[in-house]
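Only one structure is covered here, and it is reproduced in the block below.
In this note's numbering, the protein residues as written are 395 to 1084.
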C-alpha cells in the first residue's frame, strides 16, 4: 500500500484584536459645569466664596488655572477676608502674611520643607510647619552674627531687639528668614538703606510676637473643640453598640452591668472616634458578644460564690460540732487535712456543690456528718500515702516498703529542701502554697479559707523523690554503722553515732595555757541528718589548704567522744544553744494558722482574744511538724592528751539558721485564717477570677 501523504500544516496568524477602548466612567451631572464660573460677576463670586471655608477656597484655587488666576489676583482679597471671617474665633490675617499663605499654614498639615503629610505642630513664630527630619535643618541655634546685631542697634538706636524671630524659649531661629535677611543686609548700598531694612525687620518681628497669644488661644480652642467632637462620636458609637447588643438579646445583662464594666467595654469597642456602620459592627460583633458572655459568666460566678460561702460557713460549724468544744490542734494535726482540703474532696463536694436551691439541712445533722468526717479524713490520708508511695516507687526498687525499710526522701522545688521524709512531708508548708485554681468551686473554697489568697488545698506539685539526697545518705548511714539497705528512719533517729568529715570538718587549731600546754583541734560534728544537710549544701568537700574533693569522707568519732556529746545534749542549758527557738514555726491550737512565735502571739490576740507572752506561746500553740529550724553547728575539741569537749557554735556559721525572715510561713498575716471573721463583699467577686 502506498505511503500516506502528510498533511501540510498551515500556520494562521491570529487576527489583530481591536484596541481596547477606555471604559467611560459614569459621572452624575454635567461635566465641566463650573468652567464658566470665573467669568461670573465679582460681587456674586464674593457672595458665594464668602460662605466657603478657607480650606475649601484654597483648594478651589488649586484646581485649575482660571480659578487660580481669579482667586490669586489682588481684586479677590475681599473673598479671602470674608472666608476667614466666617471661621469662628480665627484671628485676622497678620499684615506680614497674605491670606492664601495664612490659610495654608493653619489648615494644611504638611511639612513646608518636604511636603510630608500629617505634621500637626504649627510654628507660629516662623509661619511654618516642619517634620522631625526637616526641623533640625530649618531651625538653627545661635547663628546670628554679633557684629551685625551691633550694627543694627547702632543704626536704629535701639538697645534691644532682634531682626529675626525666635521661638518662645529664645533658643532657635528660622534659617530661611535669617538667610533672606542677611542677603538683603549685605546688598544694601549705604547705612540709610540698612537702617530702613533693620527697622522694617524689627517691626515685623515685634508684630509676630504680639500675634502669638491670639494664635495659641485659637489653637487651644480648636484642640478642645475637636476633643469634644471626638468624645461625642465615641459616645454615639458606644450607644450604637449597646443598641445592637440589645437587639441581639443582651438587654438584661446590659442593665446589670456596673460602671467599671461599661467603661472597660467602651474602651475595648468604642475607642475609635468613628461612627458605627453596619460593616464596622460585623467586624466587632463576635468580640462584643464574647465580652457580654464573659460578663454574664462573671456575674453568675459571683452569685454562685455567695451561695457557696454560706454553705462553707455551715460546713465550718458542722466541723466544730464534730471536733467538740475541747478540741485542740497538735503537731499530729499537721498530718491531717485542713478544712479547705476536706471541702474539695468528693465526700463533701457532692454535698456543697449542689445547685443553688438544694437542701443543705444535712450540714446541721451531727449524726449524718460525723461518719462523713471520719471517712473523709481517713480517705484523704490514704490518698496522700498512695500518692507519695507511687511517687517513691517510681524511683526505688520494687518490693520495698515506704515507711519501714527504704529511706525514701523527697525534695521540694520551691524551698529547695531535699531531706523531707514520710509522713512529715505531708505537713511541709510548701504543699499549701497558693495556686490559682481555674475551677469555680475550688477557687471559692481557697478564697474562703484564705482571704488573702496565700493558701490552696494540699498539692504535691512541688514534690519529687530526692535521688541526690538518697545517694548522699548512703555513705552517712554506713559510717553510722547501719545497713543502708535495711536501715529505717527510726533507727537513724535513735542512732547515737556522731560523724566528722575527714576532709572539711576541721576548722581551727590552738593551744591552751596552764600547768601544761595543751594543743587542740576543733572539728564540726554531725548526726545522721545534719551530716546529710551538710552534704546537700556543700556539694564538694573542701579541706583546708588542699584541693577540693568530689565527695565527703565520713568517719565516726570515738565512743568516748560520743559520750561527751551525749552529756552536752542532756544539759538543758547547753542544749538550748542548739536551736534558735524564736525561729521555730508554731501552729495555732485553735485553727490551722502557722507563724513564728512573735506573730503567733499577735494572732492569738486578734483572732482568738487570747493574750499571751511570747515566752509562754507553747500553752496555746505547738511546734509545727515542719517548723524545726536548722541546728547550730556542734564543735568537738580534740586535745593532744586524748580528751575531748563539745559545744554548740555560733548561728552565724555556714551551717547555722537559714530561715531568717519572720514572714516565711505566715499564711494569712493576722486575718482570721478560717475565713468567717473576714468581711465579705460580693462585689469583690466581679474582678476575681482564678
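Cβ coordinates follow ideal geometry from the N, Cα and C atoms, glycine included.
The structure presented is a predicted model; accordingly, all values stated were derived computationally and were not measured.
What do you reckon, are the CB atoms on residue 519 and residue 547 nearer than 8 Å?
-> No, Cβ-Cβ distance for residue 519 and residue 547 is not below 8 Å.
By how many angstroms is the C-alpha of residue 924 removed from the C-alpha of residue 949?
-> The straight-line gap from Cα to Cα measures roughly 14 Å.
Measuring CB to CB, does residue 825 end up less than 8 Å from residue 852?
-> Yes, Cβ-Cβ distance for residue 825 and residue 852 is below 8 Å.
Is residue 463 buried or exposed, if buried means 16 or more other CB atoms sit within 10 Å of its CB?
-> Per the 10 Å Cβ criterion, exposed.
For residue 895, which residues does DSSP report across the bridge?
-> In the DSSP output, where bridge partners are listed per residue, residue 895 has 948.
Residue nearest to residue 810 in terms of C-alpha spacing, selected from 957, 1019, 823 and 1040 = Checking every option, the nearest Cα to that of residue 810 belongs to 823.
Integer-rounded CB distance, given that residue 601 should sit under 8 Å from residue 494 = In this structure residue 494 does not touch residue 601 by the C-beta definition: roughly 19 Å separates them, more than the 8 Å allowed.
How long is the line joining the alpha carbons of residue 620 and residue 834, rounded to whole angstroms?
-> Those two C-alpha atoms are separated by around 46 Å.
Cutoff 8 Å; reference residue 627; Cβ partners in own chain excluding five residues on either side = Close CB contacts of residue 627 within its chain, under the 8 Å cut and outside five residues either way in sequence, are with 667, 668 and 669 (chain order).
For residue 864, count neighbouring C-beta atoms within 10 Å of its own C-beta (all shown protein chains included) and say buried if the count is 16 or more, exposed if not.
-> By the 10 Å Cβ count, residue 864 comes out buried.
Spell out the partners DSSP gives residue 1030 in its beta bridges.
-> Paired residues: 917 and 1040.
What do you get for residue 672, buried or exposed, if any count of 16 or more other CB atoms within 10 angstroms of its CB means buried?
-> The residue in question, residue 672, is exposed, as its Cβ has fewer than 16 Cβ neighbours within 10 Å.
Between which two residues does the alpha helix (DSSP H) harbouring residue 643 extend?
-> Counting along the chain, residue 643 sits inside no alpha helix (DSSP H), nor does DSSP assign it H or E at all.
Assigned secondary structure, residue 783 (DSSP; H/G/I helix, E/B strand, else coil) = If DSSP states are grouped into helix, strand and coil, residue 783 belongs with the helices.
Return the CA-CA distance between residue 480 and residue 641, expressed in angstroms with no decimal places.
-> Straight-line Cα distance between these residues: approximately 43 Å.
Residue 746 versus residue 758 - alpha carbon distance = One C-alpha to the other measures close to 13 Å.
Work out the CA separation of residue 845 and residue 1085 for me, nearest whole Å.
-> The question about residue 1085 has no answer, for the chain in this structure spans 395 to 1084.
With a floor of 4 residues, list each alpha helix (DSSP H) that falls wholly inside the segment 432 to 479, ordered by position along the chain.
-> Listed in chain order, the complete alpha helix (DSSP H) runs (minimum 4 residues) inside the segment 432 to 479 are 436 to 443, 448 to 455, 459 to 465 and 471 to 479.
Roughly how many whole angstroms lie between the Cα atoms of residue 573 and residue 468?
-> Counting only the Cα atoms, residue 468 lies some 28 Å from residue 573.
Could you check if residue 571 is buried or exposed, using at least 16 other CB atoms within 10 Å of its CB as the buried criterion?
-> Under this definition residue 571 is a buried residue.
Measuring CB to CB, does residue 693 end up less than 8 Å from residue 748?
-> In this structure, residue 748 does not lie closer than 8 Å to residue 693 by Cβ.
What number of angstroms, rounded off, separates the C-alpha of residue 760 from the C-alpha of residue 709?
-> Rounded to whole angstroms, residue 760 to residue 709 spans 11 Å at the Cα level.
Do residue 926 and residue 817 come within 8 Å of each other at the CB atom, strictly closer than that value?
-> At least 8 Å separates the beta-carbon of residue 817 from that of residue 926.
Outcome for residue 764 when other beta-carbon atoms lying within 10 angstroms are tallied against a minimum of 16 = Taking all protein chains shown into account, residue 764 has fewer than 16 neighbouring C-beta atoms within 10 Å of its C-beta and is therefore exposed.
Please confirm whether any heavy atom of the ligand GTP lies closer than 7 Å to the CB of residue 497.
-> Absence of the ligand GTP is noted for the structure shown, with no ligands found whatsoever.
Does DSSP put residue 413 in a helix, in a strand, or in coil?
-> Confidence at residue 413 is low in this model, with a pLDDT of 48, below 50, so the placement of that residue is unreliable and no value is reported for it.
Three CB pairs or more closer than 8 Å across the segment 1006 to 1022 and the segment 890 to 906 | Three or more beta-carbon pairs separated by less than 8 Å are not found between the segment 1006 to 1022 and the segment 890 to 906, which leaves the two stretches without contact.
Decide if residue 1070 is buried, meaning its Cβ has at least 16 other Cβ atoms within 10 Å, or exposed.
-> Note that residue 1070 scores 36 on pLDDT, short of 50, meaning its location in the model is unreliable; the coordinates nonetheless yield the value given after this. Classification for residue 1070: exposed.
CA-to-CA distance, residue 508 to residue 492, given in whole angstroms | Straight-line Cα distance between these residues: approximately 22 Å.
Three or more C-beta pairs closer than 8 Å, one from the segment 1030 to 1039 and one from the segment 943 to 957: is that the case here?
-> The answer is yes - the segment 943 to 957 touches the segment 1030 to 1039, with three or more Cβ pairs under 8 Å.
In chain order, what residues of the same chain lie with their CB nearer than 8 Å to the CB of residue 603, ignoring the 5 residues before and after it?
-> Exclusion of the five residues before and after residue 603 leaves 519 and 559 as the residues of its chain whose Cβ lies within less than 8 Å of its Cβ.
Helix, strand or coil at residue 594 according to DSSP, with G and I counted as helix | Residue state, collapsed to three classes: helix.
Rounded to a whole number of angstroms, what is the C-alpha to C-alpha distance between residue 869 and residue 876?
-> One C-alpha to the other measures close to 10 Å.
Can you check DSSP and say which residues form a bridge with residue 805?
-> Paired residue(s): 858.
Grab the span of the alpha helix (DSSP H) containing residue 535 for me, first residue to last.
-> If you look at residue 535, you'll find it isn't in any alpha helix (DSSP H); it sits in the beta strand (DSSP E) that goes 533 to 535.
Buried or exposed for residue 903, please, with buried defined as at least 16 other CB atoms from any protein chain shown within 10 angstroms of its CB.
-> Residue 903 is exposed by the Cβ-count criterion.
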